[in-house]
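Peer 1:
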Amino acid sequence: MNESQAYCPRCKKVAAFVKTAKTSKCQVCGFEYQLSEPPRLNEAAHSTAGAIGSLVIKIFGGILIGILALAGIVALLAGIAFVGCIVASKGKF
Ligand SMILES: [Zn+2]
């Protein structure tokens, strides 16, 4: 038995539903509705979404690391340029 709690539109309350391959049936009044997608297809879609999600996280992680590395390089170059300017100005005066 694959039971789950769901809102029943006929009972107007949350009741235990028994899920079969294609339908879900209310245990209280017997209201039955078609499941939009078979569970297998649902699982496949979910795993694909998870794979895309992890890929997006990896891409964003890579971008974030790239930005941080770039910011570090820019800060370093700015520091060198700043020190260079001080040295150059001291040399003039
Ligand atoms: Zn019901």
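The numbers in this note's numbering rise by one with no breaks, and the one at position 71 of the sequence shown is 68. C-beta: ideal position from N, C-alpha, C; glycine also.
Taking just the CA atoms, how far does G59 sit from A106?
Peer 2: The structure shown does not extend to residue 106, since the chain is modelled only from -2 through 90, so no value can be given for it.
Peer 1: Opposite C5 in the DSSP bridges: which residues?
Peer 2: DSSP output for C5 lists K10 as bridge partner(s).
Peer 1: Which class does S51 belong to by DSSP, given the choice of helix, strand or coil?
Peer 2: Reduced to three states, the DSSP call for S51 is helix.
Peer 1: Under a three-way DSSP split, which group does T20 fall into?
Peer 2: The answer is strand: DSSP assigns T20 an E or B state.
Peer 1: Apart from the five residues just before and just after P6, which ones in its own chain have a Cβ nearer than 8 Å to its Cβ?
Peer 2: Result list for P6: F28, in chain order.
Peer 1: Quick one: what's V71 bridged to in DSSP?
Peer 2: For V71, which the question treats as bridged, DSSP gives no partner whatsoever.
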